[in-house]
Amino acid sequence: MILYGTSLSPYVRKILVALAEKGVEAEHNPCFFHSPDAAFQSASPLGKIPAIDDGGFKLADSSAILFYIEANHPTPALLPTEAKARGRAIWFDKFGDTELFPVLITPFFNRVVKPKMMGQPCDDAAIDKALTVDLPKLYDYLETQVDGPYLVGDAFSIADISIVTGFHNLKLAGEEVDAGRWPKLAAYVAATLERPSFVKAVSASTGG
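Numbering (the working numbering), first residue to last: 12 to 219.
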């Protein structure tokens, strides 16, 4: 399997963590989105990352790829089998991708991507709004959902991967969850980021 996409992307990191959890090796091509690489473009028709080519089977979108990997390598399971747990795991995968990360990325995008990769100034007002208005509402919700080391059931799952992956980008921007205000969420995020699979995914090459 070839995995396309820089590990700076939380969506690519989702796949790297899943592969590490399952002990599945893949060739990693750390390209950026809309890379002109013809093989990448063939695997990702919209130019988004991640994308894979698994022996000629090509697929894009982090959740689609994660479910594909889960079906091909079911052990250890990252998708619960019990109905309610599975529903909640898929919900958190969606919540992480579409609600949480678009806000978590704001400090990283403005402090890292814009000045260092795009030569553009940081938008401090956007960062302030994300940290003081938008993220607290999401943190308040997640604080009510954390009740132990895992979000769903008694095992690490796609829910944990999808929720925590973006917090590495927040950390790169010099921010973290306020443990005084959201103690359960802060402890959960810190512990999850220390899992060997996350450490391995974060250390993956980010060239492109």
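Glycine is no exception: its CB is placed at the ideal position from the N, C-alpha and C atoms.
Quantities reported herein were computed from a predicted structural model and do not represent experimental measurements.
field: Any 3 or more C-beta pairs closer than 8 Å across the region 174-194 and the region 102-117
entry: yes
message: Measuring CB atoms only, is the region 73-80 touching the region 25-37, in the sense that at least three cross pairs come out at less than 8 Å?
response: yes
message: Suppose only complete runs of 4+ residues qualify. What are the alpha helix (DSSP H) ranges in the region 122-160, listed by chain order?
response: 135-140 and 146-156
message: Do L196 and Y150 have their beta-carbon atoms positioned less than 8 Å apart in this structure?
response: The count along the sequence shown starts at 1 and reaches residue 150 at position 139. The count along the sequence shown starts at 1 and reaches residue 196 at position 185. Yes, the Cβ-Cβ distance between Y150 and L196 is below 8 Å.
query: Would you say I60 and G107 are within 8 Å of each other, going by their C-beta atoms?
result: Here the question's residue 60 lines up with position 49 in the sequence shown. Here the question's residue 107 lines up with position 96 in the sequence shown. Contact flag unset, no.
- prompt: Ends of the beta strand (DSSP E) at L68?
  reply: Residue numbering aside, residue 68 sits at position 57 when the sequence shown is read from its first letter. What sits at residue 68 in the sequence shown is Phe, not Leu. Residues F68 to A71.
message: So, with DSSP's three-state summary, where would you put D48?
response: For the purposes of this step, residue 48 is taken as the residue at position 37 of the sequence shown. Correct three-state label for D48: coil.
- prompt: Per the contact definition of three or more C-beta pairs closer than 8 Å, is the region 126-133 in contact with the region 193-211?
  reply: no
message: If you reduce the DSSP assignment to three classes, tell me which class S216 lands in.
response: In the sequence shown, residue 216 corresponds to position 205, counting from 1. Confidence at S216 is low in this model, with a pLDDT of 47, below 50, so the placement of that residue should be treated as unreliable; the coordinate-derived value is given next. Of the three classes helix, strand and coil, the one that applies to S216 here is coil, per DSSP.
field: Run of the beta strand (DSSP E) containing A184, from where it starts to where it stops
entry: Taking the first residue of the sequence shown as position 1, residue 184 is located at position 173. No beta strand (DSSP E) contains A184, which DSSP labels as neither H nor E.
message: Between L111 and I169, how many whole angstroms is the CB-CB distance? I'm expecting something under 8 Å.
response: Locating residue 111 in the sequence shown gives position 100, where the first residue counts as 1. Locating residue 169 in the sequence shown gives position 158, where the first residue counts as 1. Not really, about 14 Å apart at Cβ, beyond 8 Å.
- prompt: Once you ignore the five residues that flank L183 on each side, which residues in its own chain have a CB closer than 7 Å to its CB?
  reply: By 1-based counting over the sequence shown, the position of residue 183 is 172. Once the five neighbours on either side are set aside, the close Cβ partners of L183 are F119 and V123.
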